[in-house]
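Participant: Residue numbering for the sequence shown follows the numbering used here, beginning at 1 and increasing consecutively.
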Amino acid sequence: MRTIPTALAAHLDGEATTVCHCWRVICADGVVLGFTEHDGDLVFAGTTYRAASGFLASDSEQGTGLGAEAGEVTGGFSSAAILEADVVAGRYDGARVETYLVNWQAPGQHVRLRVEEIGEVVRAGDRFRAELRRQTHRLDQLQGRVYGRRCDAAFGDARCRVDAEDAAYRREGAVVAVLSETLLRVSGLSASPDGFFRLGEMHVLTGENAGARISIENHVRGEGGVTLSLWLPPPLPLVAGDTFAVTAGCDKSFATCGEKFGNRLNFQGFPHMPGMDFAYGYADGDTVHDGRPLHDR
Numbered sequence: 001m002r003t004i005p006t007a008l009a010a011h012l013d014g015e016a017t018t019v020c021h022c023w024r025v026i027c028a029d030g031v032v033l034g035f036t037e038h039d040g041d042l043v044f045a046g047t048t049y050r051a052a053s054g055f056l057a058s059d060s061e062q063g064t065g066l067g068a069e070a071g072e073v074t075g076g077f078s079s080a081a082i083l084e085a086d087v088v089a090g091r092y093d094g095a096r097v098e099t100y101l102v103n104w105q106a107p108g109q110h111v112r113l114r115v116e117e118i119g120e121v122v123r124a125g126d127r128f129r130a131e132l133r134r135q136t137h138r139l140d141q142l143q144g145r146v147y148g149r150r151c152d153a154a155f156g157d158a159r160c161r162v163d164a165e166d167a168a169y170r171r172e173g174a175v176v177a178v179l180s181e182t183l184l185r186v187s188g189l190s191a192s193p194d195g196f197f198r199l200g201e202m203h204v205l206t207g208e209n210a211g212a213r214i215s216i217e218n219h220v221r222g223e224g225g226v227t228l229s230l231w232l233p234p235p236l237p238l239v240a241g242d243t244f245a246v247t248a249g250c251d252k253s254f255a256t257c258g259e260k261f262g263n264r265l266n267f268q269g270f271p272h273m274p275g276m277d278f279a280y281g282y283a284d285g286d287t288v289h290d291g292r293p294l295h296d297r
C-alpha cells in the first residue's frame with residue numbers, strides 16, 4: 001500500500017493543487033538524472049529535476065495483479081538535458097525510472113507513484129518517445145537454461161572459461177573505408193583466417209562510438225582486403241581511422257568448440273541429444289539402440 005505524506009495529503013484535499021510529475025532516471029552506468037514537466041527546476045531527495053527536457057507523460061493504465069502495463073514519456077533533445085547522441089547510443093535503454101507526484105511550491109511534499117524501466121526509444125525529428133515498462137515485464141523473460149544441442153554460454157564468460165582477451169582470439173585494427181552502414185573495409189586482421197571473427201564482437205576504441213560493442217555478422221578476406229559485416233548499424237556512423245578490437249566468433253556448435261578453441265570439456269550444450277526423427281521413431285530390426293551417442297560431434 002502506498003502511504004501519502006501527511007502534508008501532501010492535506011494539499012491534495014484542498015480546493016486547488018500545485019502538483020506536477022517528476023522522473024528520476026537511473027542509467028545502467030549508475031548516472032542519475034532528473035526531469036520534470038514543470039516550467040522550473042525542482043530539487044528534492046538529493047536530485048535536481050530539470051525543466052529544460054520538455055518531458056511529458058502520456059496516458060497510461062495501471063492495474064492490479066502481474067500484468068505488464070506500459071506507458072510513455074516524450075521529450076525534446078536539449079543540450080542542457082537530453083542529448084540525441086546519448087539516446088542513439090542506447091544510454092537510456094533499460095534504465096530504471098521512478099515517477100513522483102510533487103507539490104512544486106513545496107518539493108519536499110512528494111510521493112513515489114511507480115517504478116518502471118525504459119523499453120523501446122523512438123526518435124521523431126527533434127523529439128523522442130520512450131516506452132515505460134512495468135517491472136513485471138521481466139516475468140515474460142526466459143529463466144534458467146534452454147535444453148538444446150548448441151552451447152548457451154557467452155564466449156569468454158565464466159561458464160565458457162575461454163580467455164577472450166587472449167592474443168590468440170583477439171586482434172586490433174582500424175576502419176579503412178566505410179562501404180555501407182554495416183560493411184567496413186578494415187586493417188589489422190589480415191593474419192587471421194577467413195571467417196575467424198564471424199559471429200564475434202567489435203569493441204570500438206576511438207571515435208564517436210568509443211565504448212560501443214557491435215556484433216559481427218561475417219569476416220571475409222578478399223583481393224580488395226579484409227571486410228567486416230555488422231549485424232546492425234552502429235549507434236553513430238563509423239568513419240575511416242576509427243580503431244577497434246575484435247574477438248573471435250563462436251557458432252555455439254560442439255565441433256567449433258573443440259576444433260577452434262579446444263574447449264570441449266566446458267561445452268555448455270547437449271550435442272548428443274536425439275533429434276525429432278529419433279524422438280518420433282520406433283524400434284526395429286535395422287536400427288541399433290544400445291545407448292551410444294547418436295552424433296559424435
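Ideal Cβ positions, reconstructed from N, Cα and C, are used throughout, including at glycine.
Which residue or residues does DSSP assign as beta-bridge partners of ASN218?
Facilitator: Answer is SER229, bridged to ASN218.
Participant: Hey, ARG170 and THR227: beta-carbon distance below 7 Å or not?
Facilitator: Contact: no.
Participant: Among TYR92, ALA154 and ASN103, which has the Cα closest to the Cα of ALA16?
Facilitator: Taking only the C-alpha atoms, the option nearest ALA16 is ASN103.
Participant: Does GLY46 pass the burial test, meaning 16 or more other C-beta atoms within 10 Å, or should it be called exposed?
Facilitator: Classification of GLY46: exposed, given that the 10 Å Cβ count is below 16.
Participant: Quick one, are the C-beta atoms of PHE254 and PHE270 less than 7 Å apart?
Facilitator: Not in contact: PHE254 and PHE270 (Cβ atoms no closer than 7 Å).
Participant: What did DSSP end up calling VAL87 once you bin it into helix, strand or coil?
Facilitator: Reduced to three states, the DSSP call for VAL87 is helix.
Participant: Run through the DSSP bridge pairs and tell me what TYR49 is partnered with.
Facilitator: Paired residues: LEU42.
Participant: Closest by CA to ALA89, which one among ASP13, ASP29, GLN143 and GLU165?
Facilitator: Nearest of ASP13, ASP29, GLN143 and GLU165 to ALA89, Cα basis: ASP29.
Participant: Would you be able to state if there are at least three C-beta pairs under 8 Å between the region 146-163 and the region 210-228?
Facilitator: No, because fewer than three Cβ pairs between the region 210-228 and the region 146-163 fall closer than 8 Å, the two stretches do not touch.
Participant: To the nearest angstrom, report how far apart LYS252 and ASP152 are at their CA atoms.
Facilitator: The straight-line gap from Cα to Cα measures roughly 7 Å.
Participant: Give me, in chain order, the residues of the same chain whose beta-carbon lies closer than 8 Å to that of SER79; leave out the 5 immediate sequence neighbours on both sides.
Facilitator: Low confidence applies to SER79: its pLDDT is 44, below 50, so where it sits in the model is not reliable enough to give any reading.
Participant: List the endpoints of the continuous beta strand (DSSP E) containing GLY258.
Facilitator: Element bounds for GLY258: not the beta strand (DSSP E) but the alpha helix (DSSP H), 254-259.
Participant: Return the Cβ separation of CYS27 and TYR100 in integer angstroms, given the expectation that the two are a contact with Cβ distance under 8 Å.
Facilitator: 18 Å between Cβ atoms; not a contact.
Participant: Helix, strand or coil for MET273, going by three-state DSSP, please let me know.
Facilitator: Of the three classes helix, strand and coil, the one that applies to MET273 here is coil, per DSSP.
Participant: In chain order, which continuous runs of the alpha helix (DSSP H) of length 4 or greater are located wholly inside the region 157-182?
Facilitator: Listed in chain order, there is nothing to give.
Participant: Return the Cβ separation of VAL121 and GLU98 in integer angstroms, given the expectation that the two are a contact with Cβ distance under 8 Å.
Facilitator: Going by Cβ atoms, the distance from VAL121 to GLU98 rounds to 18 Å, so no, they are not a contact pair.
Participant: State the start and end residues of the unbroken beta strand (DSSP E) segment that holds THR247.
Facilitator: 243-247 is the extent of the beta strand (DSSP E) around THR247.
Participant: Let me check understanding here. Comparing Cα to Cα, which of GLY108, ILE118, LEU139 and VAL176 lies closest to ARG131?
Facilitator: Strictly speaking, residue 131 in this sequence is Glu, with Arg absent from that position. Cα-wise, what sits closest to GLU131 is ILE118.
Participant: Would you decide whether ALA85 is buried or exposed? Buried here means 16 or more other CB atoms lie within 10 Å of its CB.
Facilitator: Exposed, because fewer than 16 other Cβ atoms sit within 10 Å of the Cβ of ALA85.
Participant: CB-CB under 7 Å to ARG96, same chain, minus the five flanking residues each way: which ones, in chain order?
Facilitator: Only ILE26, VAL115 and GLU117 meet the Cβ criterion.
Participant: Within a Cβ cutoff of 7 Å, which residues of the same chain sit near GLY188, ignoring the five residues on either side of it in sequence?
Facilitator: Around GLY188: ARG171, GLU172, GLY173 and ALA174.
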